[in-house]
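Novice:
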Amino acid sequence: MRRFDAHCHLESYEGLTVQPRSFALPEGMFCATSGFSAESNEKNAGIRDMLNSEFGKPSGNSSGFHESQGIAGLPGISNPGNAASGRRVFLSCGIAPQTAQDIEKIHDLLPLWIEQYRAFKPDAIGEIGLDWHWGKTDLQRNRQIWAFEYQLELAERIGLPVVIHCRDAMPEVLSRIESYNVKKFMMHCFSGTQEDALKSVELGGIISVPPLRNKDRKKAVKAVGLARLVAETDSPYIGKTLNDINVSLQIISDSLSVSLDDAAESTFRNALQFYGGKGSGF
Ligand SMILES: [Zn+2]
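Yeah, the sequence shown ends on 883 if you go by our numbering, and it's all consecutive.
1. Could you have a look at LYS766 and say whether DSSP puts it in helix, strand or coil?
2. To the nearest whole angstrom, what separates the beta carbons of THR794 and ASP817, a pair I think is in contact under 8 Å?
3. Run the proximity test for ASP739: is its beta-carbon closer than 7 Å to any non-hydrogen atom belonging to ligand 1?
4. Rank PHE637, ARG829, SER693 and GLY629 by C-alpha distance to the C-alpha of ASP650 and give the top, closest one.
5. Who are MET787's beta bridge partners in DSSP?
6. PHE875 to ASP739, Cα distance in whole Å?
7. Please list, in chain order, all residues with a C-beta atom less than 7 Å from at least one heavy atom of ligand 1.
8. Would you check whether ligand 2 has a heavy atom nearer than 7 Å to the C-beta of LYS841?
9. Give the DSSP-derived three-state secondary structure of MET602 in the structure shown.
10. Counting Cβ pairs, one atom from each stretch, are 3 or more of them under 8 Å apart for the segment 801–814 and the segment 850–858?
11. If you drop the 5 nearest sequence neighbours on each side, which residues of the same chain put their C-beta closer than 6 Å to that of SER638?
12. Quick one: measure Cβ to Cβ for HIS766 and GLY730, integer angstroms, because I've assumed they're closer than 8 Å.
13. Grab me the residues of ASN782's own chain with a C-beta within less than 7 Å of its C-beta, minus the 5 sequence neighbours each way, in chain order.
14. Between which two residues does the beta strand (DSSP E) containing VAL690 stretch?
15. Can you tell which of LYS784, SER780, ILE808 and SER858 has the C-alpha that lies nearest to the C-alpha of LEU761?
16. On the premise that PHE749 lies in contact with ASN642, defined as a C-beta separation below 8 Å, what is that separation, rounded to the nearest angstrom?
17. Among residues of its own chain, excluding the 5 on either side of ALA865, which ones have a beta-carbon nearer than 6 Å to its beta-carbon?
18. Quick check on DSSP: helix, strand or coil for ILE853?
19. Among TYR751, HIS608 and HIS734, which one has its Cα closest to the Cα of ILE715?
20. GLU728: buried (16+ other C-beta within 10 angstroms of its C-beta) or exposed?
21. Would you mind sorting PRO772 into buried or exposed? The rule is 16 or more other CB atoms within 10 Å of its CB.
22. My assumption, with CB atoms under 8 Å, is that ARG744 sits in contact with ILE707. Please give the rounded CB distance.
23. By the DSSP assignment, the beta strand (DSSP E) with ASP709 in it spans what residues?
24. Using CA coordinates, which residue listed in LYS800, MET787 and ILE746 is at the minimum distance from THR868?
25. Mark SER858 as exposed unless 16 or more other C-beta atoms lie within 10 angstroms of its C-beta, in which case mark it buried.
26. What residue range does the beta strand (DSSP E) around ALA633 cover?
27. Hey, how far is the Cα of LEU617 from the Cα of HIS608?
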């Protein structure tokens, strides 16, 4: 069974930063690792290259992070799959709202950071968005909005899909997506209502289901249907490992009364289409 974790943070895995060679991508597993700060974007680019070069096809000419360590000894990667020309790890780079809100010089730094992460050749821009849960003050929220709009404009200009982080700010996020000509977007760790889900889909988005059960999410999943869904772990923060994708898939399977295999295959294809179809790039 092929599975695609549409949003995780490999650089936050202890096993990958302390002992890169101890990490194994599970059999049949693809994933998209996401940055949220300048530092995590760079680390994720290095990890993406390290894991993908196991298949003889390093993607992007990235930072060279970990290059000297080689990858020959990486255990557990035995099934390359060929659906994505040998790539199994995709990359999303962005400055998240929780990061942007506390950076005093965000207006000076963000343009420099973007220059830096364009070298990593990401497959998507994200996670970016608005988070009113962590951003309480006007100052924090204004920095979030500025960073979000700046990166939406970037995504529009270079034609890359966007991975959205949204917490307690759905109307503010959707109205901004609507006002930019963003090709494709994904609502990561979707936590809105059924109406929010339908509105997102109407704007061309897809909904990503985390390994967390709740009634509203079930309703949203039902309203949207298999064609507009992907599954994620957000590991190691929400799920602990990539294998927790099974919980997200089970939620989809239960909500829609489809088999686990169908949920896995459909979300796999949707995620691959989202991350694997390059836009014009930087
Ligand atoms: Zn995340």
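Heads up, the beta-carbon is just placed ideally off N, CA and C, and yes, glycines get one too.
Specialist: Taking the structure as given:
1. One point to set straight first is that residue 766 is His, not Lys, in the sequence displayed. Three-state DSSP puts HIS766 in a strand.
2. 6 Å
3. no
4. SER693
5. Partner(s): VAL764 and ILE807.
6. 34 Å
7. HIS608, HIS610, SER635, PHE637, GLU728, HIS766, HIS789, CYS790, ASP835 and TYR838
8. With respect to ligand 2, the structure offers nothing, as its ligand set consists of ligand 1.
9. coil
10. yes
11. THR700
12. Contact between HIS766 and GLY730 is confirmed by a C-beta separation of about 4 Å, below the 8 Å threshold.
13. GLU757
14. 690–694
15. LYS784
16. About 16 Å separates the two Cβ atoms, so there is no contact after all.
17. MET602, ARG604 and LEU850
18. helix
19. TYR751
20. buried
21. exposed
22. 5 Å
23. Here ASP709 belongs to no beta strand (DSSP E); instead the alpha helix (DSSP H) covers 707–719.
24. MET787
25. exposed
26. 630–635
27. 16 Å
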